Amino acid sequence: MERQDGIVMRKLNQVLRKEDCTYLVLNNTKKIDASPEDYGYLKIGTFGDYTLYRDTGALKQLHPAP
């Protein structure tokens, strides 16, 4: 998931979805190869050196459309 040159979002996303993680916190000082938004994460906010994201795909599973 993390290489010397940064975080591989595709691999991180696979692990997060497999483990049913609804939230993702990233350290802004680390490099990342793709935007979490490209993988269905909604940016909640930035707090110091960290950004909090929510997995919109996980929310759809919790609250399916009628």
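Following my numbering, the numbering of the sequence shown begins with -4 at its first residue and continues without gaps. Yeah, the Cβ is synthetic: ideal placement off N, Cα and C, and Gly gets one too. Remember, predicted model here, so these are calculated numbers, not experimental data.
### Message
Quick check on the burial criterion: 16 or more other C-beta atoms within 10 angstroms. Buried or exposed for residue 50?
### Response
The residue is buried, with at least 16 neighbouring Cβ atoms inside 10 Å.
#### Entry: Beta bridge counterpart(s) of residue 37 as assigned by DSSP
Within the DSSP secondary-structure output, residue 37 pairs in a beta bridge with 49.
### Query
With DSSP run on the structure shown, which of helix, strand or coil describes residue 8?
Helix.
### Message
Taking the beta carbon of residue 11 as the centre, do at least 16 other beta carbons fall within 10 Å, making it buried, or is it exposed?
### Response
With at least 16 other beta carbons inside 10 angstroms of its own, residue 11 counts as buried.
#### Entry: beta strand (DSSP E) segment containing residue 22, residue limits
Start and end: 18 to 22.
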